[in-house]
Structures are given as structure tokens and as C-alpha cells.
Amino acid sequence: MSVGAAPDSEVVLETHRLLLRPFRVADAVVLRELWTERDPRVPPHRRISADGRPTVAELADAIRTDQLSSIGLFAVERKTSHDVIGYCGLVDGWRGAAGEPELAFELLRRVWGRGYATEASLAVVEWARSCGYERLWATVWDWNTASRRVLAKAGFTETERREVNAVHGTNLFTTRRL
């Protein structure tokens, strides 16, 4: 992985197959597609509402006003085709300790099973280490075996901490020391 600065000094992470870069307004279409593909077991506030929200326009506005993340959430772009396939990065660690952000990733279903999530996650872990973080967290639903595998490949281990939701399943807490 290499870390480079874009012309406007924003962080860009590069792997063998991927660029992890700041979001562009045009990426709102991909974010909306991610919202539409979410598993029905995901809580309603993270899925498209009955009135169709969030809309592409609302997601574009969130990108424009930098409301997606206060730490570093990146669009994941394939280098060969230049298409955005999801996101990966660090979000405020509201579930972990102060100064310990949470790894977050989500990719379009059509690219699942190709190792992109692991590749992107490992790049973000290395970037977090270079930024001086000592530990990262990630949460995952117990039923989400694919994401659990990605986290394990990225060096995260499950903790004893759990949040049980009778409707949506159990949210597992994982962590990785850097």
C-alpha cells in the first residue's frame, strides 16, 4: 500500500488493485445503491425508508458538506475500470474508547467474493497505524459471515462484548491492536 496526497492535499490510499480516495459528488449514486442492497436484517435507519430516503440528492449533499465521516471514509475505486464499488475507512469510534476509531466497509454485491473488502481494509489499517492510532474497533452482525471473515483476515479478533437485538441479531465487537 502506498499513501499519496491528491492535489488538494487529501489522503489517497493505493493498493495493487484499488484506490481509496475522498468521495466525489458523483459517488452518491453508488452510495444509494449500497443502501438499496442492504440485508433486510439491517436496522431500518440504515436502509431506504418507505418514502425513499436517503435520496441520491441527499447523499450528494452529505458528500458536498463532508458529513460522511469526521476521520476518513474513502470511496473504493478499482484502478483498472475506474468504477467506485463501495467505501472503506475510519469512522468516529462511538462504541470504542476515545481515540480508537471504528473500521467501516461496504461494497456492492456484484463485487463480493473477490477480496476487495480485505484489500481495502488492510490499506486502512496500515494508514491508521501510520497516523498513530494504537487500536481500532469494528462491529459486525453475527449473521454477517462474509464481513466477519474480512475482519479476521484484517487481523481483528472478536471480544466478549456483544449488543443483542431481538429483531436484528447480535452485534459483535472486534478489535485490532496496531
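Residues 1 to 178 (the numbering used here) are what the sequence shown spells out, left to right.
From the three backbone atoms N, C-alpha and C, an ideal C-beta is built for every residue, glycine too.
(1) Tell me the DSSP bridge mates of Arg21?
(2) When the Cα atoms are used, what is the spatial distance from Asn144 to Thr65?
(3) In whole angstroms, what is the alpha-carbon distance linking Trp141 and Glu10?
(4) Along the chain, where does the alpha helix (DSSP H) containing Ala128 start, and where does it finish?
(5) Taking the alpha carbon of Arg41 as the reference point, which residue from Thr174, Phe173, His168 and Leu178 has its own alpha carbon closest?
(6) If you draw a straight line from the C-alpha of Thr80 to the C-alpha of Leu18, how long is it?
(7) Should Gly52 be labelled buried (16 or more other beta-carbon atoms within 10 Å of its own) or exposed?
(8) What do you get for Ala6, buried or exposed, if any count of 16 or more other CB atoms within 10 angstroms of its CB means buried?
(9) Which class does Glu58 belong to by DSSP, given the choice of helix, strand or coil?
(10) Would a C-beta distance cut-off of 8 Å place Thr170 and Phe156 closer than the cut-off?
(11) When you compare each of Thr139, Thr36 and Ser130 to Glu163 by their alpha carbons, which one comes out closest?
(12) Measuring only the C-alpha atoms, how far is Ala154 from Trp137?
In terms of the structure at hand:
(1) According to the DSSP secondary-structure assignment, Arg21 is paired through a beta bridge with Ala75.
(2) Straight across, the Cα-Cα distance linking Asn144 with Thr65 is about 31 Å.
(3) Rounded to the nearest angstrom, the gap between the Cα atoms of Trp141 and Glu10 is 32 Å.
(4) Annotation: the continuous alpha helix (DSSP H) that includes Ala128 extends over Tyr116 to Ser130.
(5) For Arg41, the closest alpha carbon among the candidates Thr174, Phe173, His168 and Leu178 is that of His168.
(6) Taking the Cα positions, Thr80 is about 8 Å away from Leu18.
(7) Classification for Gly52: exposed.
(8) For Ala6, the predicted structure reports a pLDDT of 37, less than 50, and the residue's modelled location is therefore unreliable. The matter cannot be settled from this model.
(9) Note: Glu58 maps to helix in three-state DSSP.
(10) At least 8 Å separates the beta-carbon of Thr170 from that of Phe156.
(11) Checked all of Thr139, Thr36 and Ser130; the closest Cα to Glu163 is Thr139.
(12) Going from the Cα of Ala154 to the Cα of Trp137 covers about 12 Å.
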